[in-house]
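Chains as they are written, first to last, in this note's numbering: chain A, 51 to 265; chain B, 90 to 99.
If you want it as C-alpha cells, here you go:
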C-alpha cells in the first residue's frame with residue numbers, strides 16, 4: 051500500500067460521503083444524476099464479488115463494505131426518501147445508461163484478464179466506472195445546476211483520479227510484476243471524462259456566479 | 090494459491 055493509493059481511496063470515499071451528506075442535509079438532489087449514482091453502485095457491487103471469497107486485508111474488506119453501503123445509500127436517498135425524490139430532475143436525467151451497461155459488459159466479455167465469472171465482472175466494473183459520469187455530464191450540460199454538486203465533491207472526485215494515476219506510476223517503477231493495463235487504460239479514459247465534467251462544472255459555476263452578481 | 094497479484098486495489 052503506497053500513500054498515493056491510500057490517499058486516493060480516502061478522497062474517493064470522502065467525495066461519496068460529501069455528496070450523501072449534501073443530499074441528506076438539504077433534502078434535495080436537484081442537479082444530481084440518479085443514473086450516474088446507480089452506475090456507481092453497480093460498479094462496486096460487481097467489482098467486490100470476491101468480498102466473501104478472497105480476504106486481502108481488514109482495510110480492503112472494510113473499505114469495500116463502506117463503498118457499497120455509501121453508494122447504495124445515495125441511490126436509496128434519491129429513490130425512496132420522500133422529500134429528496136421530489137427534487138430529482140427526472141425529465142432532464144434521461145441518458146440511456148443501460149446502453150453503457152450493455153456496452154461495458156460486451157467489452158468485458160471480449161477484453162479481460164481471464165475468462166472467468168469473477169474476472170469478467172471485475173473488467174466490467176472497471177469499464178463502467180470510466181463512463182459512469184456521462185449521465186451526470188449530460189445533466190449538468192442541460193441544467194447548468196451545480197447547487198448540489200459542491201466544489202468539494204468535484205475536488206475530491208478529481209483528487210481520487212489524480213492520486214490513482216500517481217499510484218499506478220509509482221507501482222510501475224517500484225514493483226517487478228506490476229501490470230494493471232486494463233485498470234490503467236480505463237483509468238486514463240475516466241480521468242479524461244472527469245476533466246471534461248470539471249470543465250462544464252467550472253462553466254456552470256462561473257455562469258451562476260455571474261447570474262448572482264448584484265444587478 | 091493464486092500466484093498472480095490479487096485485485097488488491099479498490
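Virtual Cβ for every residue (Gly too), placed ideally from N, Cα, C.
In this text the structure is predicted, and so the values were computed from the model without any measurement.
query: Residue-chain proximity (residue 90 (chain B), chain A), Cβ-Cβ < 8 Å; result: Bear in mind that the predicted position of residue 90 (chain B) carries a pLDDT of just 37, short of 50, making it unreliable; the figure below should be weighed with that in mind. No, residue 90 (chain B) lies away from the interface with chain A (no Cβ there is under 8 Å from its Cβ).
query: Closer than 8 Å to chain B by CB, residue 238 (chain A); result: no
query: C-beta neighbour in chain B for residue 55 (chain A), strict 8 Å; result: yes
query: Option nearest residue 141 (chain A) by Cα separation, candidates A:165, A:80, A:118; result: A:80
query: Near-chain B residues of the segment 116-150 of chain A (beta-carbon distance less than 8 Å), N- to C-terminal order; result: 117
query: Within-8 Å CB hit, residue 113 (chain A) to chain D; result: Absent from the structure is chain D; the protein chains it does hold are A and B.
query: The segment 232-243 of chain A touching the segment 175-186 of chain A, judged by at least three CB pairs closer than 8 Å; result: yes
query: Proximity test, Cβ basis, 8 Å: residue 231 (chain A) and chain B; result: no
query: Buried or exposed by the 16-neighbour rule on C-beta atoms within 10 Å, applied to residue 97 (chain B); result: exposed
query: Start-to-end residues for the alpha helix (DSSP H) that takes in residue 160 (chain A); result: 147-160
query: Local conformation of residue 59 (chain A) per DSSP, three classes; result: helix
query: Buried versus exposed, by CB contacts within 10 Å (16 or more), residue 166 (chain A); result: exposed
query: Secondary structure of residue 237 (chain A), DSSP reduced to three states; result: helix
query: Chain B contacts from the segment 185-219 of chain A (Cβ-Cβ distance under 7 Å); result: none
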